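The structure appears below as structure tokens.
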Amino acid sequence: MAAGRKAAGAGGESKMEIRLLEKKADKTKLTFLVKDIDSSYANALRRVMTNKVPTMAIEDVEFRKNSSVLYDEVIAHRLGLIPLKTDLKSYKLPSKCKCKGSGCAQCQVKLTLKAKGPGTVYASSLKSQDPEIKPVFPEMPIVRLLKDQELELIATAVLGVGKEHAKWSPGLVHFRLKPIIEIDKKCDSCGECARVCPEKVFEMKNGKLAIVQDNLMNCTICKACVEICPKGAISAEGDKNSFIFTVESWGQLDDRKIVKEAISVFDSMIDEFSEEAKKL
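Written as structure tokens, this is what we have:
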């Protein structure tokens with residue numbers, strides 16, 4: 551069975567359901583609800599998204615000139631952490647390239663930088679052989695040069711995964727349980743829970759306590775409402791089979807691409823495992 555799907559079973563197991571909750575127009579943040587999976591499945595998806603989805607990052611730097619106050623190693627480290635726009639269709643992981651990682655146009659791209667002070671050198675000073683592979687944030691500072699100081703280098707960017715180094719991680723991914731909030735008949739609508747709720751999940755409507763459905767999914771199950779209720783009429787728990795995922799991209803790939811690529815990688819991992827299991 552493919553890892554990206556969870557089919558209904560003969561025993562009445564319900565089918566996985568995914569529902570979009572929120573998305574940003576610039577495609578940097580995506581929030582969605584996944585129903586009918588368990589925590590191990592949810593965590594596997596999270597780990598694949600952060601650790602196995604490939605992105606482009608600078609791996610090697612050849613310095614021609616560097617008379618700045620920073621050592622070569624420090625500048626190289628800074629360059630490696632600059633997020634680069636990534637084109638997964640045009641490049642392959644070095645381990646999967648025909649050149650076997652020795653370096654070619656299908657697995658790496660060169661970026662050059664040449665600057666002279668005085669002034670601050672920004673990521674925008676990096677000139678790429680491929681116009682599609684460029685810094686996500688051009689205004690990121692690299693080093694400040696004083697008068698007559700120079701910096702000249704050739705950087706090599708390759709595809710990699712977050713499992714090898716954090717610089718290749720495509721973004722931040724986290725999940726939490728879907729909140730289940732219930733108001734018992736004992737509630738006297740005192741409004742205390744509405745006052746203390748940090749996510750404004752409750753409101754007083756026509757003199758009665760009500761749940762604001764638009765804010766319900768923002769609940770973090772902090773249980774401030776449960777603790778403040780004098781009647782013990784509020785319950786706030788998490789649905790252990792439904793999870794709210796938040797995907798925040800660093801910019802190398804858009805948020806939807808991270809999710810789709812993670813599912814593809816997940817499927818490949820399961821297929822590979824299945825093939826190896828046949829040898830047992």
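In the numbering used here, the protein residues as written are 551 to 830. All C-beta atoms in this analysis are idealised placements derived from N, C-alpha and C, irrespective of residue type, glycine included. Everything numeric in this text was worked out from a predicted model, so none of it was measured.
If you ignore the 5 residues before and after residue 636, its C-beta comes within less than 6 Å of the C-beta of 605, 606, 802, 803, all in its own chain and listed in chain order.
Straight through space, the alpha carbons of residue 756 and residue 735 are spaced by roughly 16 Å.
Cβ neighbours of residue 746 within its own chain (closer than 7 Å, five residues either side excluded): 774, 775, 778. Under the three-state reduction of DSSP, residue 610 is assigned to strand.
Collapsing the DSSP output to three states places residue 672 in a strand.
Residue environment: residue 621 is assigned as exposed (fewer than 16 neighbouring CB atoms within 10 Å of its CB, all protein chains considered).
In this structure, 751 is the residue among 771, 738, 665, 751 with its C-alpha nearest to the C-alpha of residue 762. Contact between the segment 730–744 and the segment 645–656 is absent: fewer than three C-beta pairs spanning the two stretches fall below 8 Å. For residue 788, the enclosing beta strand (DSSP E) covers residues 784–799. According to the DSSP secondary-structure assignment, residue 658 is paired through a beta bridge with 708. Fewer than three pairs of CB atoms, one per stretch, sit closer than 8 Å, so the segment 688–703 makes no contact with the segment 573–593. Going by beta carbons, residue 582 and residue 597 fall outside the 8 Å limit.
For residue 796, same chain residues with a beta-carbon under 6 Å away, outside a window of 5 residues either side, are 581, 724 in chain order. For residue 809, the enclosing alpha helix (DSSP H) stretches over residues 805–827. The segment 662–669 and the segment 709–718 do not touch, with fewer than 3 CB-CB distances between them shorter than 8 Å.
Listed in chain order, the non-local C-beta contacts of residue 722 below 7 Å within the same chain comprise 798, local neighbours out to five positions each way being set aside.
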